[in-house]
Amino acid sequence: MHLPEGILPAAQAAGWAGASGIMLVRAVKEYRKTEKKIPELLPMMGILGAAVFVMSMLHIPVPFTGTSAHMVGVPLAALLVGPWLAIILSLVALILQALLLGEGGLGPLGANVFAMGVAGSFATIAVYRSALRVRVPKPAAIFLAALIGDLAVYVVSALQLAPVFPGQTFFAQWAVLILAFLPLQLPVALLEGFITVGILNYVTQSRPALVKRLQQAEAEQ
Numbered sequence: 004m005h006l007p008e009g010i011l012p013a014a015q016a017a018g019w020a021g022a023s024g025i026m027l028v029r030a031v032k033e034y035r036k037t038e039k040k041i042p043e044l045l046p047m048m049g050i051l052g053a054a055v056f057v058m059s060m061l062h063i064p065v066p067f068t069g070t071s072a073h074m075v076g077v078p079l080a081a082l083l084v085g086p087w088l089a090i091i092l093s094l095v096a097l098i099l100q101a102l103l104l105g106e107g108g109l110g111p112l113g114a115n116v117f118a119m120g121v122a123g124s125f126a127t128i129a130v131y132r133s134a135l136r137v138r139v140p141k142p143a144a145i146f147l148a149a150l151i152g153d154l155a156v157y158v159v160s161a162l163q164l165a166p167v168f169p170g171q172t173f174f175a176q177w178a179v180l181i182l183a184f185l186p187l188q189l190p191v192a193l194l195e196g197f198i199t200v201g202i203l204n205y206v207t208q209s210r211p212a213l214v215k216r217l218q219q220a221e222a223e224q
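According to the working numbering, the residues represented by the sequence shown are 4 to 224, in order.
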């Protein structure tokens, strides 16, 4: 989700920027700690950053709706390098998209980072760990985590937009926005779930030792 320039009042944009800034401070600390354990982390982050950039920019036509939606990419990043590092990747992707492609903006950057990087990443990891805890098969756990992680971005974006539209109570407007997003985003979230399973399966088979070290580092975050 890319909230456009000017859609949020300055006070709300500043509040979300502050919240994202606090999370980014911790994210940078986690990156430095993880980099000491995994020398390959920087190139891995570069590849994942490109994946997040492309996935969150690739507009996919949604059947029967007359419009399109896009994946978010952060579930893949969160499952590989952890939620904190995925926040950094979302920040970089959103800045590049705003500056180079006019998607989103620098004013609502904090809100977009919080929705995409913070909410999307931590929802993904929470669902993934919970699913494994109740012995859901790993591919199914990855699928569910990516699906919910994608949808969580739009739930939080709806939360951010709800105060902007007057005329209803906050929670009523929030519900209206979620219901507006759901038919468009659910098919794309399902697709992102399948794609995430496929990519993680490939990476795990091709670089098992690296994935194991990344998972160990992620568990310590």
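Note that beta-carbon positions come from the ideal geometry of N, C-alpha and C, so glycine has one too.
Asked, Found
"Beta-carbon separation (whole angstroms), Val-84 vs Met-119, contact threshold 8 Å", "That belief does not hold up - the Cβ atoms of Val-84 and Met-119 are roughly 15 Å apart, past 8 Å."
"Pro-64 in three-state terms, based on DSSP", "strand"
"At least 3 beta-carbon pairs within less than 8 Å: the region 138-151 vs the region 189-198", "yes"
"Through-space distance from Leu-109 to Ala-22, alpha-carbon basis", "15 Å"
"Top-ranked residue by Cα proximity to Pro-142, from Gly-18, Asn-204 and Glu-43", "Asn-204"
"Proximity below 8 Å, CB of Thr-127 to CB of Val-77", "yes"
"Per DSSP, cross-strand counterpart(s) of Ala-72", "Ile-63"
"Buried/exposed call for Phe-125, threshold 16 Cβ in 10 Å", "buried"
"Under 8 Å between C-beta atoms of Leu-6 and Pro-111", "yes"
"Helix, strand or coil at Phe-125 according to DSSP, with G and I counted as helix", "helix"
"Backbone secondary structure at Gly-24 - three-state DSSP", "helix"
"Sequence-distant residues of the same chain with beta carbon closer than 8 Å to Gly-107, five excluded per side", "His-5, Leu-6, Pro-7, Glu-8, Leu-97, Gln-100, Ala-101 and Asn-115"
"Leu-11, DSSP secondary structure in three states", "coil"
"Beta-carbon proximity check, Ala-81 vs Gly-152, cutoff 8 Å", "yes"
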